[in-house]
Amino acid sequence: MNALPDRYATDELVLAAPGDGRTLAQRLAKRYAARITGAFVVSGREGSFAPLPEDLPPALAEALRSRGIEQLYSHQAQAWKATQSGAHVAIVTPTASGKSLCYTLPVIMAAMTDHAKALYLFPTKALAQDQVAELLELNNAGELGIKAFTFDGDTPGDARQAIRLHGDLVVSNPDMLHQAILPHHTKWAQFFENLRYVVIDEVHTYRGVFGSHVANVIRRLKRVCAFYGVTPQFILCSATIGNPREHAEALIEDTVTAITESGAPTGDQHVLLWNPPVVNPDLGLRASARSQTNRIARLAIKSGMKTLVFAQSRSMVEVLTKYLKDVFDRDPRKPPRIRAYRGGYLPKERRAAERAMRAGSIDGIVSTSALELGVDIGSLDVVVLNGYPGSVAATWQRFGRAGRRQQSALGVLVASSDPLDQYLVRHPEFFQGATPEHARIQPDQPLILLDHIRCAAFELPFNGDETFGTEVATPWLEVLGEEGVLHREGERWEWIADSYPAIAVSLRSVADGNFVVVDRTDGRQTIIAEVDYSAAAVTLYEGAIHMIQSTPYQVERLDWEGRKAYVTRTQVDYYTDAIDYTRLKVLDCFESFRAGAGEAHHGEVHVVRRVPGYKKIRFYSHENIGYGPVNLPDQELHTTAVWWQLHQAILDAAFEQRQQALDGFLGAANALHLVATVAVMAEARDLQKSVGSGDGAWFVSADLTGRGQLRGPDGQPSALAPQAPFTPTVYLYDAFPGGIGHSEPLFQRREDLLVQSISLIERCDCRAGCPACVGPVLAADEQAGDDPMATTPKALALRVLALLVAL
Amino acid sequence: MSALHAKLRQLRTQAGHRQVAVPLATARAGCGVATAKGHTPAGASLSPEVRRLLQRHAQLKHGPTYLASTDRRVPGIELSPGLRYTETRVDWLTPPTLIDTRFARVPPVHHQHLLHFDTETTGLAGGTGTRAFMIGAADWIDGHFRIRQLTITSMAAETAMLRTFATWIGNDSVLVSYNGKCYDAPLLATRYRLARLPNPLAGLVHIDLLHPVRRHWKGQWENCRLATAERQLLGVVREDDLPGAEAPAAWLTYLRGGSANNLRRVAAHNAQDLKSLAGVLLRMAGMAEEPSGTMPTH
Chain V
101 MNALPDRYAT DELVLAAPGD GRTLAQRLAK RYAARITGAF VVSGREGSFA PLPEDLPPAL
161 AEALRSRGIE QLYSHQAQAW KATQSGAHVA IVTPTASGKS LCYTLPVIMA AMTDHAKALY
221 LFPTKALAQD QVAELLELNN AGELGIKAFT FDGDTPGDAR QAIRLHGDLV VSNPDMLHQA
281 ILPHHTKWAQ FFENLRYVVI DEVHTYRGVF GSHVANVIRR LKRVCAFYGV TPQFILCSAT
341 IGNPREHAEA LIEDTVTAIT ESGAPTGDQH VLLWNPPVVN PDLGLRASAR SQTNRIARLA
401 IKSGMKTLVF AQSRSMVEVL TKYLKDVFDR DPRKPPRIRA YRGGYLPKER RAAERAMRAG
461 SIDGIVSTSA LELGVDIGSL DVVVLNGYPG SVAATWQRFG RAGRRQQSAL GVLVASSDPL
521 DQYLVRHPEF FQGATPEHAR IQPDQPLILL DHIRCAAFEL PFNGDETFGT EVATPWLEVL
581 GEEGVLHREG ERWEWIADSY PAIAVSLRSV ADGNFVVVDR TDGRQTIIAE VDYSAAAVTL
641 YEGAIHMIQS TPYQVERLDW EGRKAYVTRT QVDYYTDAID YTRLKVLDCF ESFRAGAGEA
701 HHGEVHVVRR VPGYKKIRFY SHENIGYGPV NLPDQELHTT AVWWQLHQAI LDAAFEQRQQ
761 ALDGFLGAAN ALHLVATVAV MAEARDLQKS VGSGDGAWFV SADLTGRGQL RGPDGQPSAL
821 APQAPFTPTV YLYDAFPGGI GHSEPLFQRR EDLLVQSISL IERCDCRAGC PACVGPVLAA
881 DEQAGDDPMA TTPKALALRV LALLVAL
Chain X
726 MSALHAKLRQ LRTQAGHRQV AVPLATARAG CGVATAKGHT PAGASLSPEV RRLLQRHAQL
786 KHGPTYLAST DRRVPGIELS PGLRYTETRV DWLTPPTLID TRFARVPPVH HQHLLHFDTE
846 TTGLAGGTGT RAFMIGAADW IDGHFRIRQL TITSMAAETA MLRTFATWIG NDSVLVSYNG
906 KCYDAPLLAT RYRLARLPNP LAGLVHIDLL HPVRRHWKGQ WENCRLATAE RQLLGVVRED
966 DLPGAEAPAA WLTYLRGGSA NNLRRVAAHN AQDLKSLAGV LLRMAGMAEE PSGTMPTH
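Protein sequences appear in the order of chains V and X.
101 is the number of the first residue of the first sequence in my numbering; add one for each residue after it.
726 is the number of the first residue of the second sequence in my numbering; add one for each residue after it.
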């Protein structure tokens, strides 16, 4: 379709002079009115100020003035007052509102007056680097003599001793605290003995599995602090979420004073919700989000506006980077104007990208969520989201990346064909009026808790009926005792194994062990990237095209046990996309209730995910040009789920054919998943859906026609023998071993979910079904009438749901 | 309890957790026997799937199974509950009054000030979870080589052991070790800190023989371990020596009610290490006095 990338080079929409967000928004809205489903402006705000606090040390006040800071924003002044009163504080204000000064001031004050120490925790190394840079500038300006260091995986061994002894301020991340600092806390004794403040920034990122781990690391930190006789004060910062104070209190398990009103001035923010145009009315197919994102980004960059594009996956980052580079970086002699930024690049490469962005030599950046956080990349004008990031909070967080004080910014959300995207983009009122999501953690999730009690026991012995977090640790200690890693002597449990448990516990993923990508081109042996365990199966299979800064590498060999993928440079005109199947089976049912003519259940399930093969997809045309097989171990998951079942007799009476019932379940699953994701404010990837037999004998996935295809345990299409038992089941499951607490609230709201799903489908504008309700359907189905006995996917899904609704 | 236990086991298996290293000796002991009993969840309703997972789990993960032993003899006198002390004096070389320790960039030391020490620990993992269960120290006293060893037979006795060892160290002690700067001394520093006791090793002169040995013989010997150095320099050949790597299991076996046999072999190994420390030190000190032509040239 877009085979000639410079086809739009003379697009009439390109602004002649560097434009602002408002102008570009207006032009886009005029030209592409049909694609824009929502347009609104978040008005800018005048600043609200307060004088520098009187109890600020004069040298510090002087340093601030020399940096041009004559007064504080109101929230900074509030934070000062609260920290000086000794309270734990949570500061919840938008990106670029001067949040860091809220904690920098009390930390510097304590270091200057009491030689007190502070620990900063940032979720990523990049953020840590930024923060030290900022603090050092203030320090140098006032010659305050504060010694601040970053302590992370890149810190050389010989520097570590000096940091432990002399750092007033140590900037690190939860992973380092977990794996390097706490298990060696005796080496940090002087630091802990004088620890006054623990600053945790970007706490909204500590949710779900990661957040539950981090809450436990904080428990361990507090336990070690207690050993050294200190009770540090916590200062937490967060982007906008629905429950900042509650979340901060859940993380540190203590009372927190929340500061939620920003006093920083902002410019107007224009927001467009963009649905790609219908390109095939017969099939109801829309143009890809990718092509639209590419077009909007190109227009913005050509109009002289600094543009940031967010993509949902690393491979999409690479594809979009390639498209933009094909337009803007055709001359290899000139410095690049387009860059990719994502996890998986080596630190040096990321630092270089950050520097180039701050220096303003980059015009377009394509990033994953890695740039959602406060990495300092200078001012931007336009943010384009290629697909809904999965939460309202993350959407605003990303839009917040654009904005300069005196100038309006533009944010465009380009909907993908993903049903959630389609739902949101067609209901702009939902997006506009939505409260941001609540961040949830479940620190007492059994697997996570056991991991951290294990680590805690290594750090300090447990005594008597000591509690860890909210629970008495004893039963857990007994488990560890039976495993042989702890030894009980009287009332004391001591670590006894010759192992270092923190190494085996990764805060960020379920199973440990990142994969490294090794480039073997021309006999080299260079590590060029890292890939999370969870992503390895779908990105590093043999034959996969792995793109790095839009250079394609082909995976030649995957050493699953050794966690290595060997790749070579290649020249291909396609990329690869893994196909994966999920199969699910009930292990244990906690609770059951009648649901209309059927039943709703809550319990434990066993999930098997398999990647049987991959597709090769040509660049630009996106045609499927082939398949390849993948031979990888199944990934198993034991988790909690909610599911609904209808009995055979009921189904036989309600449907003429079993196929119809399957289609109905598939459609119902689609709608339920959509509604549930929004209802419990989960990230879409943390909550998954499946339709199967209830005993793992078969499962159903949508085929190309949008109809249910029965598949056997091996993932191959199969058919059901007429006399075989038939109990189709729709599941919503928690995508984490043991569950992370999504299924329980869903079970509580099971009736509401059904009612909402029905309303979603009924209110949908489509005739027979579409991705925004029951999933994509075939054109032929569109022709079917409004006959109540119709067998469109939409009608069938409604029939299934109606049977499940309580009368 | 057993329900929680069973559930955790299932969860862990599914989460793909790797196994925590178990000492070799215990790994060879009863496979799966300990875990199989009593932890089968809700009998009849157990699906084949869960059964399979539990079986897989049992093969991978097993608690310690130690046979209670009647051989529980740990030598020495009991200084306090769980703390054993042995002292032997051996005739082993004759040190000059002043030992030329300049090879280690330390001014010559009176032999009375030397304190050779070596710890036996619960592992090599490092961090706050590794401890010494035996501290051996040797010095020259009245022309004899005095070897003193402290062994704990309970965890609770650690503090008493640390206190006792501290009394052996004076302000003018010069420590002698093999890799002690990187291993034994930091480990003891951690243990003193955890016991809330001052670290008696802090600030002392410490001759770590590993480094000068490496400087001289790296590349000439197959490695620079103490066992190699003692064989090359002193002609010592150990018999029935318990490999250092088996020391953690030896103590753990005893702690859990098993035989003390290997623990006694650890003590013998530790004593030989101390003798070799002194021997290597004197040999290297002696070399400095020899004509330079005989010095190794590397």
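We treat Cβ as the ideally placed atom computed from N, Cα and C, and that holds for glycine.
Please read all numbers here as calculations on a predicted model, not as lab measurements.
Beta carbon proximity, residue i to chain X, threshold 9 angstroms
i      : result
T193/V : no
H702/V : no
K422/V : no
W798/V : no
L560/V : yes
A557/V : yes
Minimum Cβ-Cβ distance from residue i to chain A less than 9 angstroms
i      : result
K322/V : Of the protein chains in this structure, namely V and X, none is chain A.
Alpha-carbon to alpha-carbon, residue j and residue i
i       : j      : result
L853/V  : L846/V : 8 angstroms
L912/X  : T892/X : 18 angstroms
K894/V  : A902/V : 12 angstroms
L1007/X : L839/X : 11 angstroms
L221/V  : D301/V : 6 angstroms
K406/V  : A502/V : 9 angstroms
R165/V  : Y297/V : 24 angstroms
S772/X  : V638/V : Unreliable placement is indicated for S772/X, whose pLDDT of 36 sits below 50; the coordinate value is still reported in the next sentence. Roughly 30 angstroms between the two C-alpha positions.
R345/V  : D551/V : 27 angstroms
A761/X  : V686/V : Note that A761/X scores a pLDDT of 31, beneath 50, so its modelled location is shaky; the value from the coordinates is reported in the next line. Cα-Cα distance, rounded: 24 angstroms.
G796/V  : P813/V : 7 angstroms
C-beta neighbour in chain V for residue i, strict 9 angstroms
i      : result
S805/X : no
G854/X : yes
R981/X : yes
P911/X : yes
T760/X : Low local confidence applies: a pLDDT of 31 at T760/X is under 50, so the model's placement there is unreliable, with the coordinate-based value given in what follows. Taking Cβ atoms only, chain V reaches closer than 9 angstroms to T760/X, which makes this a yes.
Q784/X : In this prediction, Q784/X has a pLDDT of 35, which is less than 50 and means its spatial position is unreliable; what the coordinates show is noted afterwards. Taking Cβ atoms only, chain V never reaches closer than 9 angstroms to Q784/X, which makes this a no.
Under 7 angstroms from the C-beta of residue i: neighbouring residues of chain X
i      : result
E589/V : S879, M880 and A881
I596/V : T847 and L977
Under 9 angstroms between C-beta atoms of residue i and residue j
i      : j      : result
I541/V : V314/V : yes
R850/V : V742/V : yes
A862/X : L887/X : no
G982/X : S794/X : yes
W180/V : L160/V : no
G478/V : R498/V : no
P528/V : W496/V : no
T670/V : V707/V : no
Chain V contact residues for residue i, given Cβ-Cβ distances below 7 angstroms
i      : result
G851/X : Y600
L919/X : T286
T915/X : T286
P973/X : D598
Interface residues of chain X facing residue i [CB-CB closer than 9 angstroms]
i      : result
R592/V : M880 and A881
(request) Could you please tell me which residues of the segment 298-317 of chain V, in chain order, have their CB closer than 9 angstroms to any CB of chain X? (result) none
(message) What are the residues in the segment 336-350 of chain V lying within 8 angstroms of chain X by C-beta distance?
(response) none
(request) For the segment 870-881 of chain X, enumerate the residues whose C-beta is nearer than 9 angstroms to any C-beta of chain V, in chain order. (result) S879, M880 and A881
(message) Against chain X, which members of the segment 278-297 of chain V pass a CB distance test of less than 8 angstroms?
(response) P283, H284, H285, T286, K287 and A289
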